[in-house]
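Number of protein chains: 2
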Amino acid sequence: MSRIYNFSAGPSALPEEVLAQARDEMLEYGASGMSVMEMSHRGKDFMHIAARMKTDFIELMQAPSHYQVLFLQAGATAQFAMIPHNLLAGRTVASYVNTGSWSSSAIKEAAKYCRVHLAASAEADKFTRIPEPAGWDISADSAYLHYTSNETINGVEFDFIPESGGLPLVCDMSSNILSRPVDVSRFGLIYAGAQKNMGPAGVTVVIVREDLLGHARPDTPAVFDYALQAKSESMLNTPPTYNWYLLGLVLQWLKRQGGVAAIEQVNIAKAQKLYQAIDSSSLYSNPVHKNCRSRMNVPFVLRDAALDAEFLSKAEANGLSGLQGHRSVGGMRASIYNAMPEAGVDALIAFMAEFERTH
Amino acid sequence: MSRIYNFSAGPSALPEEVLAQARDEMLEYGASGMSVMEMSHRGKDFMHIAARMKTDFIELMQAPSHYQVLFLQAGATAQFAMIPHNLLAGRTVASYVNTGSWSSSAIKEAAKYCRVHLAASAEADKFTRIPEPAGWDISADSAYLHYTSNETINGVEFDFIPESGGLPLVCDMSSNILSRPVDVSRFGLIYAGAQKNMGPAGVTVVIVREDLLGHARPDTPAVFDYALQAKSESMLNTPPTYNWYLLGLVLQWLKRQGGVAAIEQVNIAKAQKLYQAIDSSSLYSNPVHKNCRSRMNVPFVLRDAALDAEFLSKAEANGLSGLQGHRSVGGMRASIYNAMPEAGVDALIAFMAEFERTH
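Protein sequences appear in the order of chains A and B. Residue 180 in my numbering is what sits at position 180 of the first sequence, and the numbering runs on without skipping anything. Residue 1077 in my numbering is what sits at position 77 of the second sequence, and the numbering runs on without skipping anything.
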């Protein structure tokens, strides 16, 4: 047996040294005499793990002190409802930008709670680009402006932070958080599931500006109330303790890599060489406008879809896993988050070239 | 270093052989070439893990086929809101039994969505007993009757399933699920956080009778809608995959112990000897009526609270951890869930006797 290169879109590859540390500490963490997953979340050993994880996250994100950082459950899908529950604050409209599958889901859920004003949409372009900001129509009476910084299915990514015309800017960063530096102070709220760049599934991180707290609808479920969660240090209910621990290990690993600015350079290098391989080939293609291409999720199609099955099975045989595109679009997709080593991308490119040579 | 006996109320001790298996499979699960926590939740390896976990759970609970079993997030605290969201079905009142801290929390949350009718309360008895069923006043126009089968803080437990007068019976079994056989067919809905008897924190199990699905309030968040979760096999959003896997390992372990009926006998033996040690002592006492005493959480106080600190530090030095009572009631508490071996209870009893002899 040996470990393979895993290009899954999420849950996805984790740094091997993180897994090795988790393995070594599984039965006994330090001098605690127990596994992290057995610890009381109120005990001093776990409180220390939680505090370090949070401190490391704030440091890596460079989140200013007037932001609260929460570690919640139930994924970005829960946030799609929590955001209107907490941020409408009596308003009846919110502006959304539609750049693909994830923003569409956010819009659909928000429509249960308010009128959704579509500030921009790339649907007419089949989600192959980010709508030009000059053409955005942001409704001034909106409670906030929401967008998705990276779309995993079509592989489009914002290479800029949009102007929100004074509205709180809300961003789903699930699939590119910690992959590039971000000026948190430009945002009202950032949220992200952990299972792509930060750790195993089961934790959702929320960074929210303090002045936006405390305005939840009266019927907001307690676990959905950012203010209550902030007040209880995200321990309103028992947190997924082991997931917090693993998230913490990934953050420590990222710091050892030099932090977000350093990993961004690796991410740029990985993405550039993979897109270059696709663009210079006559077998593979990617339809996304070049300045909107995702560094995290690289979808591509083969000239002839009849070759897909053979491509996937040969890739698997070569230790390259998880390359099947999302069922809604077909084709291939290589997700190359922070934890994918450059050697994995090199191995994929070499395999693609060899497959092209023989077909 | 060596493992200690961990009497935490939750998260709590796990079977050592479960942890050892998780350790051994951490970097590579079977022939997959990856950790379980790196797997796509839609991939065949994880789908197999998920299916086996669910099958084992249904088998252990002997859940009839007209029940759906869901694996959700955000703990029992989320269920406190989800239950009225889904089960009110147009009614405006629900009946609740108050037996302590957890049922009080359920009542407080439900009151956001309906009028809560208090069918019975043990508050006047300081939650030292389960209210006699003969005195319950169940409101017939209620959407359901809710109770908490075990209260972790005061250590009271139902030794019977209440009659609900035809209403769907809803039960929070977070702290005693799988510790004794239960006739699921008596219930409309059973829910339980995993972090006491089933695995690490981060999963909440819901067993719900199918006819109760499909009546959610129109503004129910998608992740809160049981019918949507059932339709998507609890994968409406990315599930906490590693937590599911660990839950599955605990279920396999429980089957190896002989299942629920067999572990119940161990639980009875552990609880009996611990209560006997308390009752026959002049230093320790437990105020709960004998037929209402919890087999899972055994709170006790020392004759003189000034001895508490010394008791706890000496216990810790003897490899007995997590014995401090809940901060709301003080004193001591030994949580002795399924995974606590009988030898752990024996060690605690021996320590208590020695402490009494010298004080």
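Note that the Cβ used here is the ideal one computed from N, Cα and C, for glycine as well.
The closest CA to that of A/ASP159, considering only A/PHE355, A/MET296, A/GLU354, A/LEU302, is found on A/MET296. Along the stretch 1195-1209 of chain B, the positions whose C-beta sits under 7 angstroms from a C-beta of chain A are GLN1195, PRO1200, ALA1201, GLY1202, read in chain order. Considering only B/PHE1224, B/ARG1042, B/PRO1218, B/LEU1302, the residue with the shortest C-alpha distance to B/VAL1206 is B/PHE1224. Residue A/GLY75 holds the alpha-carbon nearest to the alpha-carbon of A/ASN243 among A/MET61, A/TYR5, A/GLY75. Per DSSP, the continuous beta strand (DSSP E) segment holding A/ASN297 begins and ends at 297-302.
Annotation for A/ILE263: GLN257, ASN338 place their beta carbon closer than 6 angstroms to its own, counting only its chain and skipping 5 residues before and after.
Between B/ARG1180 and B/VAL1260, the gap from beta carbon to beta carbon is short of 8 angstroms.
Residues of chain B with a Cβ closer than 9 angstroms to the Cβ of A/ILE177 do not exist, since the nearest Cβ in that chain sits about 15 angstroms away. Around A/GLU342, the same chain offers VAL266, ALA269, LYS270 as residues with beta carbons nearer than 8 angstroms, after the five sequence neighbours per side are excluded. In the structure shown, B/PHE1057 adopts helical secondary structure according to DSSP, grouped into three states. Around the C-beta of A/LYS196, 16 or more other C-beta atoms lie within 10 Å, and the residue is accordingly described as buried.
For the stretch 1038-1067 of chain B, the residues whose beta carbon sits under 9 angstroms from a beta carbon of chain A are, in order, GLU1038, MET1039, SER1040, HIS1041, ARG1042, GLY1043, PHE1046. Per DSSP, the beta bridge partners of B/ARG1209 are B/TYR1067.
Cβ contact annotation for A/GLY202 (same chain, cutoff 6 angstroms, sequence separation greater than five): PRO240, ASN243, in chain order. Close partners of A/ARG23 in chain B (Cβ separation under 7 angstroms): ARG1023, MET1026, LEU1027. Listed by position along chain A, the residues whose Cβ is nearer than 7 angstroms to that of B/ASP1219 are LYS112, TYR113. Judged by DSSP in its simplified three-state form, A/LEU249 adopts helix. Interface criterion not met: the Cβ of B/ARG1333 is under 8 angstroms from no Cβ in chain A. Within the model, the alpha-carbon separation for A/GLY166 versus A/GLN62 is close to 22 angstroms. If you look at B/ASP1308, you'll find it in the alpha helix (DSSP H) that goes 1308-1317. Inter-residue distance for B/ASP1024 and A/GLU28 is about 14 angstroms (C-alpha atoms, whole angstroms). Sorting A/ARG115, A/ALA111, A/GLN21, A/TRP102 by C-alpha distance to the C-alpha of A/PHE127 places A/TRP102 at the top. Here DSSP, grouped into helix, strand and coil, assigns B/MET1082 to helix.
For A/TYR242, the chain B residues whose Cβ falls inside 9 angstroms of its Cβ are PRO1011, PRO1200, ALA1201, GLY1202, TYR1242, ASN1243, LEU1246, in order along the chain. Using a Cβ-Cβ cut-off of 8 angstroms, B/VAL1250 is close to nothing in chain A; its nearest Cβ partner there is about 11 angstroms away. Sixteen is the threshold: since fewer than 16 other Cβ atoms of the shown chains lie within 10 Å of the Cβ of B/ASP1279, the residue is exposed.
With its beta carbon less than 8 angstroms from one in chain A, B/GLY1193 belongs to the interface. Taking 8 angstroms as the CB threshold, B/GLN1073 lines the interface with chain A.
Interface with chain B (8 angstroms Cβ-Cβ cutoff): A/ALA227 is excluded. Under the Cβ distance rule, B/ARG1091 does not count among the residues neighbouring chain A, no pair being separated by less than 8 angstroms. Taking a C-beta cut-off of 9 angstroms against chain B, the contacting residues of the stretch 75-86 of chain A are GLY75, ALA76, THR77, ALA78, PHE80, ALA81, MET82, HIS85, listed in chain order. Under the three-state reduction of DSSP output, B/GLN1062 falls in the coil class, being neither helix nor strand. Measuring C-alpha to C-alpha distances from A/ALA119 to each of A/ALA94, A/VAL301, A/VAL250, A/SER281 identifies A/ALA94 as the nearest.
Taking all protein chains shown into account, A/PRO15 has 16 or more neighbouring C-beta atoms within 10 Å of its C-beta and is therefore buried.
Inter-residue distance for A/ASN154 and B/PHE1300 is about 59 angstroms (C-alpha atoms, whole angstroms). B/LEU1178 is positioned such that its CB atom lies no closer than 8 angstroms to that of B/VAL1208.
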